[in-house]
Amino acid sequence: MGIKLNALTKSLWVFHLAASPCNNCDIEILDALTPRHDIERFGMLLVGSIKHADIILVTGYVNKKSVIRLKRLYDQAPKPCLVVAVGGCACTGGMFRDGYYYAGPVDKVVPVDAYIPGCPPQPEALIDAVVKVINKLKGK
Amino acid sequence: MKILFYYVIFPGFLFTAAVGMLASWIDRKVTARIHWRVGPPLLQPLYDFIKLLSKEIIIPKGAARWTFLLSPVFGMAAIVLVSTMLWLAMLEPDNAFSGDLIVILYLLVIPSIAVIVGGFASKNPLASLGASREMKLIMAYELPFILAVFTPVIKADYAIRMGELLSFQLDNGIIFLRYPSCIIAFIVAIMCMQAKLTLVPFDAPEAETEIMAGAYIEYSGAPLGIYKLTRMMMLFTVPMFLVITFMGGIIFEGWHILWGILKYVALLVIIILIRNTSPRVRIDQAVKFFWKYMTVLAIVGVCLAFLGR
Ligand code: SF4
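Residue numbers (my numbering), protein chains in the order written: chain G, 0 to 139; chain Z, 2 to 310.
Below is the structure:
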């Protein structure tokens, strides 16, 4: 395993992309930063700019308006960059999948590396997904 | 050859980077412990830096390409030079040129100016907002900072060389414990140091809740890594400058080295404490704070020093 990959897996900066969620998923993401779960001990930070991101956490129901932003933000992210779909809405569309304004799911628009089902998923599930992504990066 | 060694390896780049990373780790770890968290591992700043070096560099469309890419390098070169000069002044006090204190004061502004130039070059409205805030902050803290630094210079018989300042303190004891004027100046200098490092409460230039990352917003990959490294180096160099001007520097024999390191650690603890116990102030509040209170306090300090206190 190269030194670059090692450094990448130990310092994954997270960007939070809300593609019109109901906000519960976002609150669960913020829970992962609180003292109880503290993802900074794995070197993860929540960053404000897409140019600093290593992982994009997409939450919510991708509709015809947010799909343009989702595509554009993914293109702006410096590679290597991973995408994680958080919550039932982002994975499949959930109970809104038949809505007239639906343009998702996320993996139809951008390549997704991990899915976290749940409505909303627990912070533990989020950390578990990140561990899976790291294992995928390492080629296990 | 020797100069190159000084600049690149020992007191210069490598040494400053290593100690700066350590200092920034201490900062993050202590902050985490205050929040009742575990905090990042020891090598975290190194991982961050290597990761940023290996990421893709994106140059925004319409940005001034070379200014955008080169400004972080200039900032880092300046701070490495400051660190080299400070350590050489402590290692060989007689070897420095006259007036190096003034040169260091100038060089310490360059990292902030690099952030401003980079922010304006990146053609992003939020970045220019951050850069203009940084500019206001520089105008706010620079005058009290210079006044505060010149108070010990007046006390040490107008010693404008770092070496003279050090040998004066060697003979007469730590300067800020001896004179009331220097205590005042020291308090002002600590406040200005916090603003120089753009840490809370004076981090309006990169307030992530309002303008994301401020001037850094368009940076990715290696230039961002260099900016981060510059910030870490400043966390080591600026307190070191105050250790020399106000607290007698580090004397390189036996137990004095430990005592010198303790001085630096004490300043770092003060920085971390201020950072974790205060909210962010708006930029106008910061300017008001420095011009209304800190400048007046610094002038009082200078007057007291002239009166022999
Ligand atoms: S998955 Fe559930 S909690 Fe998450 S955005 Fe959709 S509806 Fe809200």
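Glycine is no exception: its CB is placed at the ideal position from the N, C-alpha and C atoms. The structure displayed is predicted, hence computed values, not measured ones.
- In this chain, the beta strand (DSSP E) harbouring W12 (chain G) covers 12-17.
- Contact check for H15 (chain G) against P122 (chain G) fails: the beta carbons are separated by 7 Å or more.
- Look at A141 (chain Z) here: in three-state DSSP terms it is helix.
- Counting only runs of at least 4 residues, the region 11-45 of chain Z fully encloses the following alpha helix (DSSP H) elements, listed from N- to C-terminal order: 14-35.
- The Cβ neighbour count for C118 (chain G), taken over all protein chains shown within 10 Å, is under 16; the residue is labelled exposed.
- Identification of chain Z residues near L7 (chain G) by a Cβ-Cβ cut-off of 9 Å yields Y48, I51, K52, S55, K56, ordered along the chain.
- One alpha carbon belongs to E207 (chain Z), the other to I218 (chain Z), and they sit about 9 Å apart.
- Contact holds between the region 169-189 of chain Z and the region 140-158 of chain Z, because three or more Cβ pairs, one in each stretch, are under 8 Å apart.
- For P77 (chain G), the chain Z residues whose C-beta falls within less than 8 Å of its own C-beta are K56, E57, I58, I59, S221, G222, listed in chain order.
- Proximity of D112 (chain G) to chain Z, defined by a Cβ-Cβ separation below 7 Å, is not satisfied.
- Here the alpha carbon of G164 (chain Z) sits roughly 6 Å from the alpha carbon of D95 (chain Z).
- Taking 7 Å as the threshold, the shortest C-beta distance from M213 (chain Z) to chain G falls below it.
- Distances from the alpha-carbon of W26 (chain Z) to those of Z:C304, Z:V266, Z:A287 put Z:V266 closest.
- Note: I55 (chain G) is bridge-paired with G:F14, G:V82 in the DSSP secondary-structure output.
- A residue is called buried once 16 or more other Cβ atoms fall within 10 Å of its Cβ, and G249 (chain Z) is buried on that count.
- Shown here, L200 (chain Z) sits in coil according to DSSP, grouped into three states, outside any helix or strand.
- Contact annotation: in the region 250-270 of chain Z, no residue has its CB less than 9 Å from a CB in chain G.
- Ranked by Cα distance from P202 (chain Z), the options Z:T278, Z:P240, Z:D28 are led by Z:T278.
- Put simply, the backbone Cα of A78 (chain Z) is about 32 Å away from that of P280 (chain Z).
- Shown here for C80 (chain G): same chain residues with a beta carbon closer than 8 Å to its own, the five before and five after excluded, namely A52, D53, I54, I55, Y73 in chain order.
- Interface annotation for the region 12-42 of chain G against chain Z: P34, D37, E39, R40, G42, criterion Cβ-Cβ distance under 7 Å.
- Spanning the alpha carbons of W88 (chain Z) and I161 (chain Z) requires a straight line of approximately 16 Å.
- Inclusion of G309 (chain Z) and T152 (chain Z) in the CB contact set at 7 Å is not warranted, their separation being larger than that value.
- Using a cutoff of 6 Å, the CB of P20 (chain G) counts as near the ligand SF4, since one of the ligand's heavy atoms is closer than that.
- Close to I2 (chain G), with beta-carbon spacing below 8 Å, are these residues of chain Z in chain order: I51.
- Relative to A64 (chain Z), the option among Z:S123, Z:G215, Z:R29 whose CA is nearest is Z:S123.
- Not one heavy atom of the ligand SF4 sits closer than 6 Å to the Cβ of P122 (chain G).
- In the DSSP assignment, L92 (chain Z) forms no beta bridge with any residue.
- Annotated three-state conformation of L45 (chain G) is strand, per DSSP.
- For the 7 Å CB-CB criterion, A128 (chain G) and L69 (chain G) do not form a contact.
- Listed along chain Z is no residue with a C-beta nearer than 9 Å to that of K70 (chain G); the closest approach is about 16 Å.
- I115 (chain G) has G:V85 as its beta-bridge partners, per DSSP.
- Cβ-Cβ distances below 8 Å link F242 (chain Z) to V83, L87, I105, L109 in the same chain, with the five nearest sequence neighbours on each side left out; the list follows chain order.
- Here N134 (chain G) carries a helix assignment [DSSP, helix/strand/coil].
- Residues V83, A128, K131, V132 of the same chain have their beta carbon placed closer than 7 Å to that of A113 (chain G), with the five preceding and five following residues left out of the count.
- V46 (chain G) sits buried, since 16 or more C-beta atoms from the chains shown fall within 10 Å of its C-beta.
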